[in-house]
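Enquirer: The structure that follows is given in the form of C-alpha cells.
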Amino acid sequence: MMSTQTDTSKKVTVRRLVEMKQAKEKIACLTAYDASFAQLLEKSGVDVVLVGDSLGMVIQGEETTLPVSVEDMLYHTQCVAKGLSNALLITDMPFLSFTSEQEAVLNAGLFMKQGGAHMVKLEGGVDQAETVSALNKNGIPVCAHLGLQPQYVHKIGGYRVQGREQAAADKMLDDALTLQAAGADLMLLECVPESLANKITQALDIPVIGIGASAGCDGQILVLYDILDISLGMRPKFSKNFMVSANSIEDAIQHYVSAVKKAEFPAAEHVFS
Ligand code: KIV
102 MMSTQTDTSK KVTVRRLVEM KQAKEKIACL TAYDASFAQL LEKSGVDVVL VGDSLGMVIQ
162 GEETTLPVSV EDMLYHTQCV AKGLSNALLI TDMPFLSFTS EQEAVLNAGL FMKQGGAHMV
222 KLEGGVDQAE TVSALNKNGI PVCAHLGLQP QYVHKIGGYR VQGREQAAAD KMLDDALTLQ
282 AAGADLMLLE CVPESLANKI TQALDIPVIG IGASAGCDGQ ILVLYDILDI SLGMRPKFSK
342 NFMVSANSIE DAIQHYVSAV KKAEFPAAEH VFS
C-alpha cells in the first residue's frame with residue numbers, strides 16, 4: 102500500500118542545522134525572492150533559503166532596505182515557498198515590523214501561517230532579547246542578525262565593518278550569548294572581523310552563518326544576485342561573482358555551494374581583519 106506520509110528525512114530543520122554544526126558540515130545559504138530561483142537553489146544543494154529584505158534593493162531598486170513592507174515580505178515568501186520542498190525557509194522581519202513583542206509575534210506568525218516560512222530573521226542585539234524570547238515562547242524559530250545591520254544604516258552612517266574596537270567586539274559576543282539564551286536558533290554575522298566571527302562561532306551552541314565574516318563560521322550566505330553579478334551598483338568586497346567560471350546560472354550556484362561546503366569560500370580577499 103502506498104504511504105500517505107511525506108518523506109521528512111531530507112528536510113532541513115533547526116535540529117538538522119545544529120547536527121551540521123556539531124559534525125562540522127558547512128551550511129550553504131542563499132537569498133531568493135521567487136519560486137523559480139528557489140527551486141534552482143534547492144536543486145543545487147542549498148540548505149537554507151532566505152527571503153531577505155535585500156529585496157528592497159535588488160528587486161525594487163531602492164537605495165536601502167528601509168522601504169520594504171510586511172506585505173512585500175509575505176508576497177515574496179509565498180513565491181519562494183512554492184519552489185521549495187526540503188530547504189529551510191527564513192523570512193526577514195522588515196524595518197519597523199517588530200517594534201513591540203506583540204507586533205513581532207503577529208507579523209512573524211503571518212510569515213509562517215500564510216507565507217510558509219520556517220523561521221524569521223531579525224536585526225538587533227541585546228535590545229531584541231525580549232522579542233526573541235516572545236517569538237520563542239510562541240514556537241517561532243528565530244535567526245538573530247548581528248554585526249552590520251542594514252536597517253540601522255542611518256544610525257551608523259553607512260555600511261561598514263562592525264566590532265573592530267575591543268569594546269564593540271566584547272559587546273557583540275555578549276549580545277550573541279544573550280540572544281542564544283533568549284531562544285535564538287541561528288545567528289547571522291554580517292561584516293565582522295574574521296577573528297571575532299571565529300570567537301563567536303566557537304562560543305555559541307547554535308549555528309553561526311557568516312556574510313563578510315569568516316570561513317570558520319558554520320555556514321555562509323550571500324545575496325543571490327551578487328553571486329550572479331546582476332545586482333544594481335557595486336558588488337560588496339565580501340561577495341564573489343560565481344558566474345565568471347560557470348557555464349550557466351545553475352552551474353554558478355553549484356560552484357557556490359561546493360565552495361562553501363569545502364570552506365574554500367570566503368577566501369582571504371572576502372573577509373575583514
Ligand atoms: O536581506 C538580506 O538579504 C540579508 C542578507 C544579506 C544576509 O540580510
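According to this note's numbering, the sequence shown is numbered sequentially starting from 102.
Even glycine gets a Cβ: it sits at the ideal position worked out from N, Cα and C.
The structure displayed is predicted, hence computed values, not measured ones.
Would you check whether ligand 1 has a heavy atom nearer than 7 Å to the C-beta of Glu164?
Expert: Outside the cutoff, so no.
Enquirer: Tell me which residues share the same chain as Arg390 and place their Cβ nearer than 7 Å to its Cβ, disregarding the 5 neighbours each side in the sequence.
Expert: No answer is possible for residue 390: the residues shown for the chain start at 102 and end at 374.
Enquirer: Which whole runs of the beta strand (DSSP E) in the stretch 270 to 313 are 3 residues long or more, in chain order?
Expert: 287 to 291 and 309 to 312
Enquirer: From this set, Val309, Glu164 and Ala218, which residue's C-alpha is nearest Gly334's C-alpha?
Expert: Glu164
Enquirer: Ala139: which of Ile354, Gln281, Pro367 and Val361 sits nearest, CA to CA?
Expert: Ile354
Enquirer: Hey, out of Gly217, Val227 and Gly259, whose CA is closest to Ile241's CA?
Expert: Gly217
Enquirer: Should Thr166 be labelled buried (16 or more other beta-carbon atoms within 10 Å of its own) or exposed?
Expert: Classification for Thr166: buried.
Enquirer: Specify the secondary structure class of Leu249 as computed by DSSP and reduced to three states.
Expert: coil
Enquirer: Would you tell me roughly how many angstroms separate the C-alpha atoms of Ala376 and Ala133, rounded to the nearest one?
Expert: There is simply no residue 376 to check, as the chain begins at 102 and stops at 374 in what is shown.
Enquirer: When the distance is taken between beta carbons, is Lys214 closer than 8 Å to Leu151?
Expert: no
Enquirer: What residue range does the beta strand (DSSP E) around Val152 cover?
Expert: Val149 to Val152
Enquirer: What number of angstroms, rounded off, separates the C-alpha of Leu156 from the C-alpha of Ser332?
Expert: So the two alpha carbons sit approximately 11 Å from each other.
Enquirer: Taking buried to mean at least 16 other C-beta atoms within 10 Å of its own C-beta, is Leu197 buried or exposed?
Expert: exposed
Enquirer: Using DSSP bridges, identify the partner residues of Thr165.
Expert: In DSSP, Thr165 forms no bridge with anything.
Enquirer: What residue range does the beta strand (DSSP E) around Lys222 cover?
Expert: Met220 to Glu224
Enquirer: On the three-state DSSP scale, how would you describe Gly157?
Expert: helix
Enquirer: Mind checking which residues open and close the beta strand (DSSP E) that includes Asp193?
Expert: Leu189 to Asp193
Enquirer: DSSP three-state label for Ile241, please.
Expert: coil
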